[in-house]
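Student: Just passing along the structure, written as structure tokens.
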Amino acid sequence: MLARLFRLHGLLVASHPWEVIVGTLAVTVCLFSMNSSFTASSQVCSWSECPKAQENVHSNDFIILTITRCMAIVYIYFQFKNLLQLGSKYILGIAGLFTVFSSFVFSTVVIHFFGKELTGLNEALPFFLLLIDLSKACTLAKFALSSSSQEEVRENISQGMAILGPTFTLDALVECLVIGIGTMSGVPQLEIMCCFGCMSVLANYFVFVTFFPACVSLVLELSRESREGRPIWQMSHLAHVLAEEEDNKPNPVTQRVKIIMSLGLALVHAHTRLTAESLGKNRTAAVERPDATGSLWPQKLSSVELEHVITLGLALLLAVKYVLFEQAETESSLSLRSPISSSPPALKPPVAEDCCRRDLPAPPTRRSSSGVLATSSSSSELSASPGEDSMEPEQREPASPEPPGCRSELRPLDECAAVLADPQRGPRMVTDVEVMQLVTAGKIQSYKLETVLQSPERGVAIRRELLSPKLPAASALEQLPFKDYDYSKVMGACCENVIGYMPVPVGVAGPLLLDGRQFYVPLATTEGCLVASTNRGCRALSLSGGCSSRILADRMTRGPVVRLPSACRAAEVKVWLETADGFSLIKEAFDETSRFARLEKLLVCIAGRSLYIRFQSQTGDAMGMNMLSKGTEQALHRLQQHFPDVELLALSGNYCTDKKPAAINWILGRGKSAVCEATIPGQVVREVLKSSAGALVELNISKNLVGSAMAGSVGGFNAHAANIVAAIFIACGQDPAQAVSSSSCITQMEPSGPDGQDLYISCTMPSIELGTVGGGTNLPPQQACLQMLGVSGPNEPGENARQLARVVCGAVLAGELSLMAALAAGHLVKSHMTHNRSKTNLAAAFGKSDQTP
1048 MLARLFRLHG LLVASHPWEV IVGTLAVTVC LFSMNSSFTA SSQVCSWSEC PKAQENVHSN
1108 DFIILTITRC MAIVYIYFQF KNLLQLGSKY ILGIAGLFTV FSSFVFSTVV IHFFGKELTG
1168 LNEALPFFLL LIDLSKACTL AKFALSSSSQ EEVRENISQG MAILGPTFTL DALVECLVIG
1228 IGTMSGVPQL EIMCCFGCMS VLANYFVFVT FFPACVSLVL ELSRESREGR PIWQMSHLAH
1288 VLAEEEDNKP NPVTQRVKII MSLGLALVHA HTRLTAESLG KNRTAAVERP DATGSLWPQK
1348 LSSVELEHVI TLGLALLLAV KYVLFEQAET ESSLSLRSPI SSSPPALKPP VAEDCCRRDL
1408 PAPPTRRSSS GVLATSSSSS ELSASPGEDS MEPEQREPAS PEPPGCRSEL RPLDECAAVL
1468 ADPQRGPRMV TDVEVMQLVT AGKIQSYKLE TVLQSPERGV AIRRELLSPK LPAASALEQL
1528 PFKDYDYSKV MGACCENVIG YMPVPVGVAG PLLLDGRQFY VPLATTEGCL VASTNRGCRA
1588 LSLSGGCSSR ILADRMTRGP VVRLPSACRA AEVKVWLETA DGFSLIKEAF DETSRFARLE
1648 KLLVCIAGRS LYIRFQSQTG DAMGMNMLSK GTEQALHRLQ QHFPDVELLA LSGNYCTDKK
1708 PAAINWILGR GKSAVCEATI PGQVVREVLK SSAGALVELN ISKNLVGSAM AGSVGGFNAH
1768 AANIVAAIFI ACGQDPAQAV SSSSCITQME PSGPDGQDLY ISCTMPSIEL GTVGGGTNLP
1828 PQQACLQMLG VSGPNEPGEN ARQLARVVCG AVLAGELSLM AALAAGHLVK SHMTHNRSKT
1888 NLAAAFGKSD QTP
């Protein structure tokens, strides 16, 4: 129960570091700025009333205090020397911050808040340093540094708090009770040190459970990441810290002894306080009596030397306890004995005794463009892990002179695979190098990395490491980003064997005034001038009162091919499918597979003994290919039950037709069939489009109609509809390949108005294949673009998808209008020279900013 409480507390602190740090600092400042409104009992802390605090320090006092301060400094030196052996500047920095804040800042503030004078701080300050326990702080930092992502940092900190929190709490309680005995001794000098010691222990505990884990989480979150995509603070040699700390949990018997001792000490404190209250008058008189010692034992402890002996003895006990025993315990259970590797091993063909090496000598290093040290790898080498790769050369441990096959830290492939499959340890206990060895040995399939590691980004990073040495240029993937991307929505839905993502510029054209509504159309493209041209067309449409659109048809198709024993038998099946009974039987099987897909029509044709059947159905807001495929497969099974000699050759027989220009889609339509029209006043044609209605009409006939017919085009009776369709498809998560058939369009222009100066334009698009749910529409950036248009997700079955088709048709109309005007006015080359061949592009191409082609 207590471990669960600390786990939840650690997760909360690590997940909200800014709030915890700011809150702690705010409380600290408030405590420091508040005036004390009460005075602590002299029984608990009476050094402010001690006349000895006002005395001058004698020479022997100076010597003793100097010795204790030196001991404290030496002790802190050894603690930080142990931390330095871990090879992590992050542990050193965080531990230093922990030390300063807990020992100086917080203790000082607490003492000030309780209204005590700090005259005894010079003598008690060395004991602050002797009471600080950096071992548990170091262990918690190692939990965080063994993570491969910020999410794992939070989870590992919470696990570390669950393991260390109960033990640290009990230890702090025992220390306070033991040291607190000294506050009842009546010896002022001892009371001073013990009071400060108790406050230091409490301050140390408070900082450990709040401020310290928050700082660890924040520092690692703000730290740089290596070019391989893994944090540079990830220490692969700390991968087993969780299992080690689980094994090193305190003995339950020892914990029970501490609890019993704590109860006994608490009873001693309670009895002492009750006795002190009964003798309150005598105690008060003794404290207020201005004698030489200011204590209850003036007769017994009247000697200054005896007080110094007590002080020095306490210092020696604390020094022996923390320097010897605590250091030995840290070395045995927490510190790492093996040298820190600076490079993973070279990949070799798997053999029986092949091992996952983690400590081979480092290959030559180079510094990447981001300033991170990286290994120079050949086709048989891998780059170093990020935690080790980030270390400066002078921080690296020297390579062992032993040959590569004689290392002490070796794990066989079978052991690595067993650790990976163990639900208690899992992927986080296996280093990236070990995973790469497992992939090379064939024990893990590369395409399963994301699933096996339970971390998509880590799987992508490892796949890149495996691929880089096999490419013509080892640095080929450096400019392909892969970090900070939500791969969970990609896996199993959009892409496989992922090695990154492709950023494409997204421009906006608009507002497009369509059917009385304004739309800002996102266009993802790398072609200069496209967005500007479409934007000009949108402006012309808006100044003309907008454009109007209609959906003519909504049906997706799938066309399988089946074969029968003879052409005559195929003809019999065709006739049966075209009957009401045959269609009803097939429709029943088809409709069972989906809530939205309802078979509307079958189109059947014969080629020899092969039968091509075109299934046609609405698909709601989904583009619908998977929906149609599932329904078609079920319907064909029903057909085979009725005609056992039907042989299915392919679920898609190109009679659909999908992702290919086809006359059947041009004539019958596929997906959404839409038409959009507008009338442009003559003034807008002249002032915005810089042309005339007559010139545009003549150009449209010669180019889009006659020119396309001369080329034998199928559905290509337009200027550049594919430009706009592809740009919207990429921005809105559609299948870019379906821009092939979706861009089929015929653009028509006619003179209009009383004097023929106005321009009537229409675009008819019979096969716009798109959807607003499923596939790439589930990815956050693509969803954002759909939200720009107000068509994200499902709506009244199919309404969002139909609205998106209207927007596509309207944007195509705007693009056609602008490009045709630019061609008629002779502005095409000029505009492309402006938008496609800017000084920036020319400088990149020619190497000089002032050079022109």
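Just so you know, the sequence shown maps onto residues 1048 to 1900 in this note's numbering. Even for Gly, the Cβ is constructed at its ideal location relative to N, Cα and C. Bear in mind the structure is a predicted one, so any value in this text is a computation, not a measurement.
#1: Evaluate C1652 with the Cβ neighbour count: other Cβ atoms within 10 Å of its Cβ, from every protein chain shown; 16 or more gives buried, anything less gives exposed.
#2: By the 10 Å Cβ neighbour count, where 16 or more other Cβ atoms means buried, how is E1512 classified, buried or exposed?
#3: Specify the secondary structure class of C1242 as computed by DSSP and reduced to three states.
#4: So, does the stretch 1664-1675 touch the stretch 1829-1846, judging by three or more C-beta pairs under 8 Å?
#5: Run the CB neighbour count on V1551, radius 10 Å, all protein chains shown included, and call it buried at 16 or more, exposed below.
#6: Taking just the CA atoms, how far does I1711 sit from S1591?
#7: Who does F1901 pair with in a DSSP beta bridge?
#8: Short check: CB of L1611 to CB of L1649, under 7 Å?
#9: Just list the residues that DSSP pairs Y1807 with in beta bridges.
#10: Near H1767, which residues of its chain fall below 7 Å by C-beta distance, leaving aside the five closest residues on each side in sequence?
#11: Here's the rule: buried if 16 or more other CB atoms are within 10 angstroms of the residue's CB, otherwise exposed. What is E1449?
#12: Drop a sphere of 10 angstroms on the beta-carbon of T1573, count the other beta-carbons inside from all chains shown, and report buried for 16 or more, exposed for fewer.
#13: Here's the rule I'm using: 16 or more other beta-carbon atoms within 10 Å means buried, otherwise exposed. How should D1705 be labelled?
#14: Here's the rule: buried if 16 or more other CB atoms are within 10 angstroms of the residue's CB, otherwise exposed. What is M1549?
#15: Taking the beta strand (DSSP E) that R1597 belongs to, which residues open and close that run?
#16: Nearest to V1608 by CA position, among C1615, T1640 and G1655, is which residue?
#17: Pull up the DSSP beta-bridge partners for A1571, would you.
#18: Which ranges would you report for the beta strand (DSSP E) in the stretch 1717-1798 if only whole runs of at least 3 residues count?
#19: For L1059, which residues of its own chain have a beta-carbon under 7 Å away from its beta-carbon, when the five flanking residues on both sides are left out?
#20: Taking the alpha carbon of L1524 as the reference point, which residue from S1515, A1869, D1601 and P1828 has its own alpha carbon closest?
#21: Can you give me the C-alpha to C-alpha distance between A1600 and G1716, rounded to a whole angstrom?
#22: Give me the Cα-Cα distance between S1809 and M1796, rounded to the nearest whole angstrom.
#23: In the DSSP output, which residue or residues are listed as bridge partners for C1652?
#24: So does the stretch 1735-1749 actually touch the stretch 1687-1700, counting three or more Cβ pairs closer than 8 Å?
#25: Between which residues of its own chain and V1568 is the CB-CB distance below 6 Å, once the five residues before and five after are set aside?
#26: Output needed for I1714: all residues of its chain with C-beta closer than 8 Å, excluding positions within five of it in sequence on either side, in chain order.
#27: Verify whether the separation of the beta carbon atoms of L1467 and V1477 is less than 7 Å.
#28: Quick one: using the 10 Å Cβ neighbour count with 16 as the cut-off for buried, is A1871 buried or exposed?
#29: Count the CB pairs spanning the stretch 1781-1794 and the stretch 1720-1727 that are closer than 8 Å, and state whether there are at least three.
#30: Flag this pair as yes or no: are the beta carbons of P1213 and A1061 separated by less than 7 Å?
#31: Report the residue from L1646, M1674 and Q1681 whose alpha carbon sits nearest the alpha carbon of S1664.
#32: V1578 lies in the alpha helix (DSSP H); which residues open and close that run?
#33: Could you pull the start and end residues of the beta strand (DSSP E) that R1610 belongs to?
#34: Relative to the C-alpha of Q1687, which candidate in K1737, V1225, S1720 and A1617 has its C-alpha closest?
#35: If you draw a straight line from the alpha carbon of F1637 to that of L1675, how long is it in whole angstroms?
#36: Could you give the DSSP three-state label for S1196: helix, strand or coil?
Tutor: Checking against the coordinates, here is how it stands:
#1: Exposed: under 16 other Cβ atoms inside 10 Å.
#2: Residue environment analysis places E1512 among the buried positions, since at least 16 neighbouring C-beta atoms fall within 10 angstroms of its C-beta.
#3: Taken through DSSP and simplified to helix, strand or coil, C1242 comes out as helix.
#4: Counting Cβ pairs under 8 Å, three or more are found: they touch.
#5: Result: exposed.
#6: Rounded to whole angstroms, the gap between the alpha carbons of S1591 and I1711 is 35 Å.
#7: Residue 1901 lies beyond the residue range present for the chain, which begins at 1048 and ends at 1900; the question has no answer from this structure.
#8: Not a contact, by the Cβ cut-off of 7 Å.
#9: In the DSSP output, where bridge partners are listed per residue, Y1807 has T1726 and E1797.
#10: Closer than 7 Å at the Cβ level, and outside the excluded window around H1767, lie G1862 and L1866.
#11: Residue placement at E1449 is poorly supported in this model, since its pLDDT is 37, which falls under 50; the coordinates are not used for a value here.
#12: Classification of T1573: exposed, given that the 10 Å Cβ count is below 16.
#13: Counting Cβ neighbours within 10 Å, D1705 comes out buried, since at least 16 surround it.
#14: Looking at its Cβ environment, which holds fewer than 16 other Cβ atoms inside 10 Å, M1549 is exposed.
#15: Per DSSP, the unbroken beta strand (DSSP E) holding R1597 starts and ends at S1595 to R1605.
#16: Of the listed residues, the one whose Cα sits closest to V1608 is G1655.
#17: Paired residue(s): V1553.
#18: Restricting attention to beta strand (DSSP E) runs no shorter than 3 residues, the stretch 1717-1798 encloses them at 1718-1727, ordered along the chain.
#19: Excluding positions up to five away in sequence, the list is empty.
#20: Measuring from the Cα of L1524, the nearest candidate turns out to be S1515.
#21: Those two C-alpha atoms are separated by around 8 Å.
#22: Looking at the two C-alpha atoms, the distance is approximately 7 Å.
#23: C1652 pairs with Y1659.
#24: With the cut-off at 8 Å, the stretch 1735-1749 and the stretch 1687-1700 do not touch.
#25: Cβ within range, chain order: A1556, G1557, L1559 and A1858.
#26: P1813, listed in sequence order.
#27: Yes. Within cutoff.
#28: Under a 10 Å Cβ-count criterion, A1871 is classified as buried, with 16 or more other Cβ atoms of the shown protein chains found around its own Cβ.
#29: No, they do not touch.
#30: No, the Cβ-Cβ distance between P1213 and A1061 is not below 7 Å.
#31: Per the C-alpha coordinates, the member of L1646, M1674 and Q1681 positioned closest to S1664 is L1646.
#32: It spans L1577 to L1590 - the alpha helix (DSSP H) in which V1578 sits, taken as one unbroken run.
#33: R1610 -> beta strand (DSSP E) spans V1608 to R1610.
#34: When each option's Cα is compared against that of Q1687, the closest is A1617.
#35: C-alpha separation (whole angstroms): 9 Å.
#36: The answer is coil: DSSP assigns S1196 none of H, G, I, E or B.
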